[in-house]
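Each residue of the sequence shown is one higher than the one before, counting from 9 in my numbering.
One structure is given here, and the rest of the page talks about it.
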Amino acid sequence: LGWLGLLPVPNYSTLLAIHSQLQVYGFVGLYTMGVAMMVLPTFLNTKLQPTWLALCSLALMLIGIGLNSAGPTLTGGTCQSLSTLAFLVVLRVTRKSAPPRKVESTPLTRGHAIFLATGSLWLLAGPLLALKDATAALETVLWGFAGLFIAGIGLRVHTGILGIKGIHGRLLAPSAVLWNLGLALRWTGPGNLWVVILATGVCLFFWALRPFRKPYLPPAGGPWLRPFVRTSYFWLLVAVALTCATALGYPALAGPARHTLAIGFVITMMMGMGMRMIPAFETKRLPWTNGPWQIYGLVTLGTAIRLPAQTTMNLECLALAGALQFLSIISFIGLILATYLIGEKVCCEVDAVPPAQLFKDENAKGASHHATVTAGTRIRPTARIAERLSS
């Protein structure tokens with residue numbers, strides 16, 4: 009409404025700061041932390057603990073967002089960093105409480121661990137880095153926390169979703185090192201060297217995963233999930249290209265680069281994976297079966313319109329793109345809430361599957377898990393996900 013001149017916006021900078029906090033920390037940060045605390049205990053066959061510390065993490069993040077709503081503050085940044093620290097302690101204690109299990113050390117498992125561990129550290133540092141440069145800190149959280157987390161998880165599950173076979177595991181450690189080094193040089197290094205190193209790290213990750221290969225398996229997890237994941241990775245490539253162009257002397261592309269990274273890559277991926285994982289772990293069906301397709305169309309079209317509109321500052325097109333993206337996120341939130349409230353409960357029984365089996369590169373062996381489903385009891389989330397991803 010402000011872009012169309014239908015609503016006065018007297019404090020645009022304040023609104024922009026609120027928007028940034030709510031989007032990056034309120035949605036991306038809390039959502040990712042919540043999903044991690046939902047998924048990890050199930051795969052480890054244990055319970056989340058201590059739950060009081062998890063609630064403290066949530067409270068601290070909300071307080072920090074409120075304190076930083078008008079701009080970065082030391083108190084707000086400290087609260088957000090403490091929230092992240094509490095989150096990491098919860099994950100650590102939960103892992104320690106799990107039954108002993110043998111984990112094979114491979115380039116894939118080591119790369120997965122590096123991506124997730126270093127991503128968490130950027131969320132820990134981001135709120136305090138904002139005291140030096142708020143915009144750069146938000147970029148750091150998106151590239152560092154969200155980007156590395158998605159990449160780490162993608163190494164384990166996206167091969168099955170995309171129906172592709174195998175990963176170049178030996179490229180993962182160099183990719184993670186360069187990705188993190190680029191982000192570190194963003195704050196300490198000379199000029200735009202950080203962009204070159206970051207882009208190299210991201211490109212190595214792409215070469216290791218190769219998400220655009222021709223699939224050899226039918227869509228897993230629903231026919232709509234594969235387009236979400238592939239489109240998200242496409243927007244990541246676009247964000248890298250725009251970031252490089254910005255460093256080469258095209259500052260007008262800085263805003264489109266950030267937005268493509270945030271909405272095109274991170275939030276598109278989060279919505280797609282969320283509409284698959286949350287119903288699976290809650291043993292409920294999405295009440296609106298065509299909802300994911302509608303949400304995919306809205307967010308993809310909105311991002312495609314927003315990119316040139318923000319570059320040329322076409323306010324009418326910016327308003328249209330913003331409305332489409334806003335509608336996609338509201339639809340996603342409504343669909344997830346409806347799933348919790350009125351989603352049909354799924355009751356069945358499936359052959360047990362070891363939790364660790366779900367995160368193996370099943371495609372490297374060319375074999376998929378097949379389970380026998382019978383009506384009756386509540387199915388284990390780990391077994392259910394394996395069955396659905398392989399069916």
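Here a beta-carbon is modelled for each residue, glycine too, at the ideal position from N, C-alpha and C.
Query                                                                                                                      : Result
DSSP state of K222 mapped onto helix, strand, coil                                                                         : coil
Extent of the continuous alpha helix (DSSP H) run through A159                                                             : 156 to 170
Residue nearest to L124 in terms of C-alpha spacing, selected from A159, R109, M278, L38                                   : A159
Same chain only: Cβ atoms within 6 Å of L294, ignoring 5 sequence neighbours per side                                      : P287, T347
Assigned exposure category for W187 - 16 Cβ within 10 Å defines buried                                                     : buried
C64 and A94 closer than 8 Å at C-beta                                                                                      : yes
DSSP bridge partner residues for K353 (one or two, in chain order)                                                         : K292
Straight-line gap, S339 to F35 (C-alpha atoms, nearest Å)                                                                  : 15 Å
Nearest to T196 (by Cα), restricted to the options A144, H27, T276                                                         : A144
C-alpha distance - L212 paired with L189, whole-angstrom precision                                                         : 14 Å
Expected contact under 8 Å - CB spacing of A262 and T319 to nearest Å                                                      : Not a contact, Cβ separation roughly 10 Å.
Q318 - containing alpha helix (DSSP H), residue span                                                                       : 299 to 320
Cβ-Cβ separation, G299 to Y336 (assumed contact under 8 Å), whole Å                                                        : The question names Tyr, but residue 336 in the sequence shown is Ser. Not quite, the Cβ-Cβ distance comes to about 10 Å (not below 8 Å), so this is no contact.
Outcome for V460 when other beta-carbon atoms lying within 10 angstroms are tallied against a minimum of 16                : Nothing about residue 460 can be reported from this structure: the residues present for the chain run from 9 to 399 only.
Neighbourhood of T308 by C-beta, 8 Å cutoff - its chain only, sequence neighbours within 5 removed                         : T239, T276
Exposure label - H27; buried when at least 16 CB within 10 Å                                                               : exposed
Nonlocal neighbours in the same chain, by C-beta distance under 6 Å from A372, ignoring five residues either side          : Only weak support exists for where A372 lies, its pLDDT of 38 falling under 50; the value from the coordinates is given anyway. These residues qualify, in order along the chain: G174.
Stretch-stretch touch, CB-based, cutoff 8 Å, three pairs: the segment 70 to 90 with the segment 128 to 138                 : yes
Residues near L146 in its chain [Cβ-Cβ closer than 7 Å; skip 5 each side]                                                  : S28, V32
Burial state of P219 (16 or more Cβ within 10 Å)                                                                           : buried
Counted within 10 angstroms of its Cβ, other Cβ atoms place R19 as buried (16 or more) or exposed                          : It should be noted that the sequence gives Asn, not Arg, for residue 19. Exposed, by the Cβ-count rule.
Stretch-stretch touch, CB-based, cutoff 8 Å, three pairs: the segment 102 to 112 with the segment 39 to 53                 : yes
Same chain, Cβ closer than 8 Å to T114, five either side skipped, listed in chain order                                    : G177
Exposure of M281, with buried meaning 16 or more beta-carbon neighbours within 10 Å                                        : buried
Proximity winner among T54, V354, F273, G351, relative to G162 (alpha-carbon distances)                                    : F273
Within 8 Å, strictly: CB atoms of I271 and A181                                                                            : no
CB contact below 8 Å: G162 versus chain B                                                                                  : No chain B is present in this structure, which holds just one protein chain.
Chain-order list of residues whose beta-carbon lies under 6 Å from that of A207 (same chain, five-residue window excluded) : V248, C252
Alpha-carbon to alpha-carbon, P231 and T54                                                                                 : 32 Å
Outcome for W1 when other beta-carbon atoms lying within 10 angstroms are tallied against a minimum of 16                  : There is no way to answer for residue 1, as the model of the chain reaches only from 9 to 399.
Option nearest L38 by Cα separation, candidates T59, T22, A67, W60                                                         : A67
Reference A192, options A154, M285, L129, closest by Cα                                                                    : L129
Beta-carbon proximity list for L332, same chain, < 6 Å, skipping 5 on both sides                                           : L306, L309, G310
Burial state of P80, where buried means 16 or more other Cβ atoms lie within 10 Å                                          : buried
Alpha carbon of I350 to alpha carbon of I344, nearest angstrom                                                             : 10 Å
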